[in-house]
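Before any comments, here is the structure.
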Amino acid sequence: MGEQQRVRNTFLWGLSGIYLCAFLSLYMQIPGLYGREGILPGWKMLRFTGKGLWEQLKDSPTLLWLGPRLGLDTEHGMEFICLLGAVLSLGAFLFNCLRDSVIFLLLWILYLSLYQVGQVFLYFQWDSLLLETGFLAILVAPMRCLRSKANVWSSHDGITFWLVRWLLFRLMFASGVVKLTSRCPTWWGLTALTYHYETQCIPTPVAWYAHQLPVWLQKLSVVATYVIEMGVPWLFFLPSRRLRHFSFYSQVLLQVLIILTGNYNFFNLLTLILCFSLLDDNHLKSGPKGKKGQQKGHSFFIQSFAVLFDLLVFGLLGFWTVKYFELQINWEKYHVESKTGRFSLDYYLGFIWKAENRHKSADCSSPCLQHSRKARKGAGQQIPPLVTAQNRDGHPASFSVF
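Oh and the sequence shown: position 78 is 78 in full-length UniProt numbering, straight run, nothing missing.
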């Protein structure tokens with residue numbers, strides 16, 4: 001893995017833009033959502049009971065406790081925090097010198113302060129993901145006040161930036177696993193996308209055209225989603241630039257397609273920013289100059305072995321995809337048939353439970369593991385069916401690719 005100085009800077013630049021969008025979007029909605037006559041007034045989340053400031057911060061870590069000391073009520077305090085966050089994120093977006101660890105610490109504290117009183121309107125996946133990504137950005141960003149050459153890539157910077165890749169893996173793998181652990185018959189039957197485009201919250205005009213695609217192509221799209229979300233993420237950690245680049249473009253393709261067919265706020269844009277952790281500076285440079293310099297000292301044997309290794313991984317990925325989804329070409333109807341006949345629910349949940357027992361400390365916060373942990377409390381492996389909202393046809397009322 002080469003240096004990631006440019007990649008790191010691109011990641012911080014993109015995250016600054018996400019912060020800017022988040023603060024400005026929330027600023028416009030504060031009066032209607034959290035004002036005194038709003039849907040969920042923010043002042044109800046802050047009970048000033050005479051406790052000291054430190055005790056208040058322990059109960060709910062938010063800067064809004066300082067509002068009364070500055071002569072601001074909760075609504076105007078939230079607006080002030082949004083404006084301050086927008087100014088800081090805009091500065092970091094425009095100027096490289098402001099992409100500093102201290103700036104990202106302030107941005108994280110400001111958004112956390114809003115999150116504490118945001119209630120259900122800030123309890124979406126993208127809000128939690130922004131907080132987790134923002135915390136990692138504090139570690140990834142250079143601390144210019146302590147390092148005279150903050151732009152120089154150090155060996156330990158790769159460790160902190162690796163955490164971003166680990167977050168991307170957790171996000172994508174859990175997104176695929178939770179579809180199967182939900183026991184939804186449409187995801188197991190590969191027909192979820194035949195309902196997804198018309199039942200998602202905010203479809204785009206392109207979603208109408210995607211909904212008109214033939215059923216066999218919709219089912220094949222679900223297979224591709226499973227492969228990209230559960231199979232490809234394992235390639236993030238292999239010592240091969242080709243495989244990581246393949247993983248990068250696979251994830252980018254999925255996110256772009258989701259953006260074209262649905263509106264999930266900045267969720268997909270933030271995921272795209274995380275995907276830059278799979279690249280290195282040589283890939284961002286214009287021209288093959290950097291790549292030639294890197295490969296100059298490699299022997300023919302090593303290069304040949306690397307190519308064979310990549311082909312082996314691609315072959316195994318394709319083999320397991322064809323095997324478990326039983327992909328077959330129907331030459332009479334000119335389409336590809338797919339199903340999950342060899343990949344049963346009992347087998348899958350058993351695999352998840354074994355992985356949970358072996359790796360409890362690896363990722364105890366994963367939604368899929370939490371779900372399976374609750375399911376195991378039932379009688380043996382007889383898990384009660386998942387109760388979901390249904391439409392008139394008896395199908396789940398809403399879907400999300402994530």
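Virtual Cβ for every residue (Gly too), placed ideally from N, Cα, C.
Proximity to residue i [Cα-Cα], best of the options
{"i": "glutamine 218", "options": "Pro239, Glu326, His196, Phe11", "result": "His196"}
{"i": "alanine 86", "options": "Leu272, Ile18, Arg242, Glu332", "result": "Ile18"}
{"i": "residue 441", "options": "Gln328, Leu279, Gly189", "result": "Given a span of 1 to 402 for the chain in the structure shown, any question on residue 441 remains unanswerable."}
{"i": "tryptophan 108", "options": "Leu15, Leu238, Trp331, Arg244", "result": "Leu15"}
{"i": "arginine 165", "options": "Leu63, Phe237, Ser101", "result": "Phe237"}
{"i": "valine 215", "options": "Leu193, Thr225, Pro205", "result": "Leu193"}
{"i": "leucine 139", "options": "Phe11, Gln200, Ile39", "result": "Phe11"}
{"i": "glutamate 3", "options": "Phe161, Asn96, Phe135", "result": "Phe161"}
{"i": "arginine 242", "options": "Thr225, Tyr264, Leu311", "result": "Leu311"}
{"i": "phenylalanine 325", "options": "Phe124, Thr340, Trp234, Asn263", "result": "Thr340"}
{"i": "valine 223", "options": "Trp331, Tyr115, Gly189", "result": "Gly189"}
{"i": "lysine 58", "options": "Val7, Ser113, Leu84, Lys333", "result": "Ser113"}
{"i": "serine 111", "options": "Phe276, Ser101, Phe135, Thr261", "result": "Note that residue 111 is tyrosine in the sequence shown here, rather than serine. Closest option to tyrosine 111, Cα to Cα, is Phe135."}
{"i": "leucine 168", "options": "Asn263, Val252, His335, Leu180", "result": "Val252"}
{"i": "histidine 335", "options": "Leu122, Gln303, Leu213, Gly262", "result": "Leu213"}
Delimiting residues of the alpha helix (DSSP H) encompassing residue i
{"i": "glutamate 337", "result": "No alpha helix (DSSP H) holds glutamate 337; the beta strand (DSSP E) holding it covers 335-337."}
{"i": "glutamine 328", "result": "Per DSSP, glutamine 328 belongs to no alpha helix (DSSP H); it is in the beta strand (DSSP E), 328-330."}
{"i": "tyrosine 264", "result": "Where tyrosine 264 is concerned, there is no enclosing alpha helix (DSSP H), given that its DSSP letter is neither H nor E."}
{"i": "glycine 71", "result": "Segment: none, glycine 71 is in no alpha helix (DSSP H) and carries neither H nor E."}
{"i": "serine 221", "result": "215-226"}
{"i": "leucine 308", "result": "300-324"}
{"i": "valine 206", "result": "205-211"}
{"i": "aspartate 281", "result": "281-284"}
{"i": "phenylalanine 135", "result": "125-140"}
{"i": "isoleucine 202", "result": "Looking at the DSSP string, isoleucine 202 is not in any alpha helix (DSSP H), and its letter there is neither H nor E."}
{"i": "tryptophan 234", "result": "Per DSSP, tryptophan 234 belongs to no alpha helix (DSSP H) and is neither H nor E."}
6 Å Cβ shell around residue i - same chain, five flanking residues per side excluded
{"i": "valine 227", "result": "Thr321"}
{"i": "serine 250", "result": "Ile228, Val232"}
{"i": "tryptophan 13", "result": "none"}
{"i": "leucine 235", "result": "Leu243, Ser247"}
{"i": "leucine 163", "result": "Leu136"}
Residue i versus residue j - alpha carbon distance
{"i": "isoleucine 103", "j": "glycine 35", "result": "28 Å"}
{"i": "phenylalanine 300", "j": "isoleucine 81", "result": "58 Å"}
{"i": "leucine 316", "j": "methionine 230", "result": "14 Å"}
{"i": "proline 31", "j": "lysine 44", "result": "14 Å"}
{"i": "valine 313", "j": "valine 120", "result": "43 Å"}
{"i": "leucine 70", "j": "histidine 76", "result": "11 Å"}
{"i": "isoleucine 258", "j": "alanine 207", "result": "9 Å"}
{"i": "tryptophan 187", "j": "lysine 51", "result": "50 Å"}
{"i": "phenylalanine 319", "j": "leucine 327", "result": "10 Å"}
{"i": "glycine 293", "j": "asparagine 282", "result": "Only weak support exists for where glycine 293 lies, its pLDDT of 47 falling under 50; the value from the coordinates is given anyway. If I take the Cα positions, the gap works out to 10 Å."}
{"i": "glutamine 29", "j": "proline 205", "result": "25 Å"}
{"i": "serine 240", "j": "phenylalanine 173", "result": "20 Å"}
{"i": "histidine 245", "j": "alanine 306", "result": "14 Å"}
{"i": "glutamine 381", "j": "serine 338", "result": "Here the model assigns glutamine 381 a pLDDT of 38, short of 50, so the residue's position is not dependable, and the following value carries that caveat. About 27 Å."}
{"i": "tyrosine 115", "j": "proline 142", "result": "26 Å"}
{"i": "serine 25", "j": "glutamine 200", "result": "21 Å"}
{"i": "glutamate 332", "j": "proline 185", "result": "28 Å"}
{"i": "leucine 260", "j": "phenylalanine 93", "result": "25 Å"}
{"i": "serine 304", "j": "proline 203", "result": "47 Å"}
Chain-order list of residues whose beta-carbon lies under 7 Å from that of residue i (same chain, five-residue window excluded)
{"i": "leucine 270", "result": "Ile18, Trp126, Leu129, Leu130, Thr133"}
{"i": "serine 89", "result": "Ser16, Tyr19, Leu20, Phe23, Leu107"}
{"i": "leucine 53", "result": "Trp65"}
{"i": "glutamine 255", "result": "Asn268, Thr271, Leu272"}
{"i": "serine 221", "result": "Leu193"}
Same chain only: Cβ atoms within 8 Å of residue i, ignoring 5 sequence neighbours per side
{"i": "valine 117", "result": "Tyr34, Gly42, Met45, Leu46, Ser60, Thr62, Leu64, Thr74, Met78"}
{"i": "valine 284", "result": "According to the sequence shown, residue 284 is leucine rather than valine. Excluding residues within five positions, the ones whose Cβ falls inside 8 Å are Arg6, Val7, Thr10."}
{"i": "leucine 72", "result": "Phe80"}
Residue i CB to nearest heavy atom of the ligand FAD below 7 Å
{"i": "threonine 74", "result": "The ligand FAD is absent from the structure shown, which contains no ligand whatsoever."}
Check: Where in the segment 75-120 do unbroken runs of the alpha helix (DSSP H), each at least 4 residues long, occur, reported from the N-terminal end onward?
Finding: 101-118, all fully within the segment 75-120.
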